[in-house]
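Notes follow the structure.
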Amino acid sequence: MTPPGDLDTAALTPGPLGAGAPPHTRGPATDRPRRVRPWLVPAAAAVLTLLLAAVGAGASGRLANGGYFASGTESARADRILADRFGAGTPDLVLLVRAEGGVDDERAREEGLRLTRRLAESAGVASVRSYWAGEDAGLRAEDGSAALVTADLAGGDRDATRTAEALVPGLTGTHGALTVSATGSAWVSVEAKRYSKPDLVRAELVAAPLTLLLLVIALRSLVAALVPLLIGVVSVVGTMAVLRLLTYAMPVSVFAMNLTSALGFGLAVDYGLFLVTRYREELRAGRPVEAAVRRTARRAGRTVLVSACAVALSMSALLVLPLPFLRSMACAGMAVALFSAAAATLLVPPVLALLGRRIDRWDPSRPLRRGRAAGPPRPDSPFWRRVARTVTGRPLWFGGVCAAVLLLMASPFAHVRFGLSDDRMLPVGAEAHRTADAIRAGFASPADRTLAIVLPDVDPVRDAAALRAYERDVSDQRSVRSVGWARSGAGAGSGKGAVLLVAGAREPYARGAQDLVRTLRALPGPPGEHLVTGRAALLADTKDAVRARLPLAAGIAAVTTWLMLFVLTGSVVLPLKALLIGALSLGTSFGAMVFGFQDGHLRRVVGDFTATGTVDMTMPLLLFAIAFGLAIDYEIFLLSRVREHYLLTGDNRGAVVEGVARTGRLVTTGALAVAVVTGALVTSGVTQLKLLGTGLATAVLVDAVLVRGVLVPAYLTVAGRLNWWAPRWVARLHGRFRLVLERGR
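Convert by adding 503 to the 1-based position in the sequence shown; the result is the number in this note's numbering.
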């Protein structure tokens, strides 16, 4: 009699209540040896990986920071008009110039004008504003000790970054009586790249040995532990090549490299553990190597493909959001998931065939286990079996307590305040951060609190009376500190159009600043349109643009995840459960994000950073896509085992216990490895990477321990046979689809 655990259930299809069809058996030809050359695939993969490494080698030089604002908004249009017609706009580069005898000293004035001309004549500079060239009081420090020279750089974010990287080293430092330092979005981008590269190397140096140690402990074999790392290398190298090619079609964030490394090795550990564990089970069942490899590829390989598609589709939801930063991160996540799946399903089976039974060699822990069983660990976990039996014995109590704990951990997210990244994401010692802090402290109207009202259709001479009345109306509004007409570039007084600069009393992320933007847009003005821009306006417009597309993004993630889980289980109930519990699980990482970074409570734990009182609005969206994909990844591993056992026995509680027992060690080891790889980003000096690492580590650990270990088993037990319910016509459709897949293989 064939042991129940060894039956091939790949073609079993649940009925309306999950009764399932009789086991689908294959003839003796299933295990018939075939003449193959397993070394061909690894050899071809090695050559392809080397070629991809050559393509991706120059990727880092083409990446840039930026892409945090929505395009096509009122503020974006106003910025274009400012740059094209007024030589103003939001500057890409800001030079803080300190003078020994004050900025109005004759020597300082001469050297300031010389610096201004030098910057204006440099390649890649579109326009320049300077205190010495226009005597704009807004560009002079309150105490007269410093002044600003600002520049708009030609091209997009990547071009501006390259220009700043070439210009700033020659402009900063001491020049006679002047001392110059730099900030601005382009220089922030340069410094973000400068800090993120060593951060990536340091994170990998921390994560690699710890990940290998975890794999050796879990698999009890150095040879077996190298299989997941092989997947990771191929997926990361392949994705770097994709990122390099993408830079020719779209801007790609510098942080995409960090995401690629963290997610690539995280998924590699998950898929490698799953395949190696299944292969060992087949060998334990007494099957020859070739048959064990084929059954592993057929049964576990399908689960890996469904999981990778779920992760990639979850990341694809970010593509519909109007932020280039999120789109580039989505492309990185999708590529790394698909490369991981390709390596796991195409490369690992031939590698397993080459290794054969040597997969269990080189167990470093053998001397520590004298008197205990040698060889690979048993396929199930006694600890997780006990946990599953306990939870399924009192599912309502354990499930209720677990849900309450998750809600408590998510509660800080209730007072989230969204902002956008600026220089403060860099370490305090970074030049761009130091310089911007000095500007915020020393100037009466810091640029981030200034709004610009662009009036492109007015005639400054003909409409002078209307402009004066409009200026009075604006100055009478709450939260307005001062107003004044811009005098730079084409200016308000020459030609058509005018720009009114409004100094706000509140930080751009404050509700009062957002309210001021809405008030100014609703305020009647001179003939023609009036457009409001500035950091507060950019934030408000970006929020509105994201909010408008968020239902579509959420719908894509939900529908595609539902379809993937339906393909796996044949149930219409389990995918809905996965979506609801996945959202509850993600709330914990959102709560940690607010508690730790917005409120600053984790500063002593993760290393010093600047708490701005806000959370970059792109981070929860990015974290949701990645962590939700990983949560569904673990859900697929668990449900595939639960379904397999349920179809064999019809015992729902026994299937839940067996599923948790056989995936508990795998899921927790995978989650620990993902937490180590992503948590290593906490060592970065860039706040965004700290936040992403902390959020992902929290998400995967909570999901693996509390959600997969307690909440999901509790739910599956309470739901009983309802777990596997589907309308009869849906069940028949699913059965035909699975049969087509089986015949296709």
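Ideal placement from N, C-alpha and C gives every residue a C-beta, glycine not left out. Given the structure is predicted, the values throughout are model-derived calculations rather than measurements.
For residue i, which three-state DSSP category applies?
i        : result
Gly-987  : strand
Ala-1006 : strand
His-1104 : coil
Asp-976  : helix
Asp-1018 : helix
Arg-981  : coil
Val-597  : strand
Ala-650  : strand
Ser-756  : strand
Arg-892  : helix
Arg-802  : helix
Arg-643  : strand
Ser-699  : helix
Ser-1088 : helix
Ser-764  : helix
Trp-542  : coil
Quick check on this structure: which residue in the options has the alpha carbon closest to the alpha carbon of residue i?
i        : options                               : result
Glu-609  : Ala-695, Trp-635, Leu-622             : Trp-635
Gly-1103 : Val-737, Leu-1194, Gly-1182           : Leu-1194
Val-931  : Leu-1026, Ala-947, Ala-1114, Pro-1078 : Ala-1114
Pro-701  : Gly-804, Ala-907, Val-726, Thr-1186   : Thr-1186
Gly-859  : Gln-980, Val-726, Ala-907             : Val-726
Ala-967  : Met-818, Leu-850, Trp-988, Leu-911    : Trp-988
Ala-1234 : Val-1075, Ala-1174, Ala-1134          : Val-1075
Thr-1045 : Leu-1184, Ser-630, Ala-579            : Ala-579
Ala-471  : Asp-655, Ser-574, Ala-611             : Any answer about residue 471 is impossible in this case: the structure gives the chain only from 504 up to 1248.
Tyr-571  : Arg-1038, Phe-1093, Thr-1152, His-678 : Arg-1038
Quick one: using the 10 Å Cβ neighbour count with 16 as the cut-off for buried, is residue i buried or exposed?
i        : result
Ser-633  : buried
Ala-706  : buried
Met-1096 : buried
Trp-542  : exposed
Trp-900  : exposed
Thr-780  : buried
Pro-594  : buried
Ala-838  : buried
Gly-751  : For the record, residue 751 in the displayed sequence is Tyr; it is not Gly. Label assigned to Tyr-751: exposed.
Pro-1011 : buried
Asp-773  : buried
Gly-604  : exposed
Ser-724  : buried
For residue i, which residues in the same chain have their Cβ closer than 7 angstroms to its Cβ, ignoring the five residues on either side in sequence?
i        : result
Pro-898  : Ala-1217, Thr-1220, Val-1221
Gly-1160 : Strictly speaking, residue 1160 in this sequence is Val, with Gly absent from that position. So the list reads Arg-888, Ala-891, Arg-892, Thr-895, once near-sequence residues are dropped.
Ala-695  : Asn-568, Val-757, Leu-929, Val-1189
Thr-1063 : Leu-816
Val-809  : Met-1067, Val-1070, Leu-1071, Ile-1139
Lys-1080 : Tyr-1218
Ser-1143 : Thr-806, Leu-1071
Asp-1119 : Gly-922, Leu-923, Ser-924, Gln-1191
Phe-1131 : Ser-817, Ala-1060, Gly-1085, Leu-1089
Val-737  : Ala-548, Thr-552, Phe-842, Ala-846, Leu-850
Using DSSP's beta-bridge definition, name the partner residues of residue i.
i        : result
Val-1268 : Since the first and last residues shown for the chain are 504 and 1248, residue 1268 lies out of range.
Ser-1269 : Because the chain here runs from 504 to 1248, residue 1269 falls outside it and cannot be looked at.
Asp-1119 : Gly-922
Ile-956  : Leu-1003, Val-1035
His-936  : For His-936, which the question treats as bridged, DSSP gives no partner whatsoever.
Gly-676  : Val-683
Ala-602  : Leu-681
Ala-1265 : Since the first and last residues shown for the chain are 504 and 1248, residue 1265 lies out of range.
Ser-633  : Val-652
Whose C-beta lies closer than 6 angstroms to the C-beta of residue i among residues of the same chain, with five residues either side of it excluded?
i        : result
Pro-852  : Val-796, Ala-800
Val-691  : Asp-926, Ala-935
Ala-1043 : Gln-1017, Val-1020
Thr-682  : Arg-601
Val-823  : Arg-1052, Leu-1055, Ala-1056
Ala-1182 : The amino acid at residue 1182 is misidentified as Ala; the sequence shows Gly. If we look at Gly-1182 and ignore the five residues flanking it on each side, its Cβ neighbours are Gly-1196, Ala-1200.
Gly-994  : Residue confidence is low: Gly-994 scores 40 on pLDDT, short of 50, so the model does not pin down where it sits. Its coordinate-derived value is still stated next. Cβ within range, chain order: n/a, list empty.
Gly-641  : Ser-948
For residue i, which residues of its own chain have a beta-carbon under 8 angstroms away from its beta-carbon, when the five flanking residues on both sides are left out?
i        : result
Trp-1232 : none
Ser-978  : Ser-985, Val-986
Asp-685  : Before going further, note that residue 685 is Ala rather than Asp in the sequence given. Contacts found: Leu-596, Val-597, Leu-598, Leu-599, Ala-667, Val-671, Leu-674, Thr-675, Glu-934, Ala-935, Thr-938.
Pro-959  : Ile-584, Arg-588, Lys-999, Gly-1000, Gly-1031, Glu-1032, Leu-1034
Ser-574  : Pro-825, Pro-827
Does any heavy atom of the ligand GTP sit closer than 8 angstroms to the C-beta of residue i?
i       : result
Phe-842 : Judged by which ligands are present, the structure shown has none, so any question about the ligand GTP falls away.
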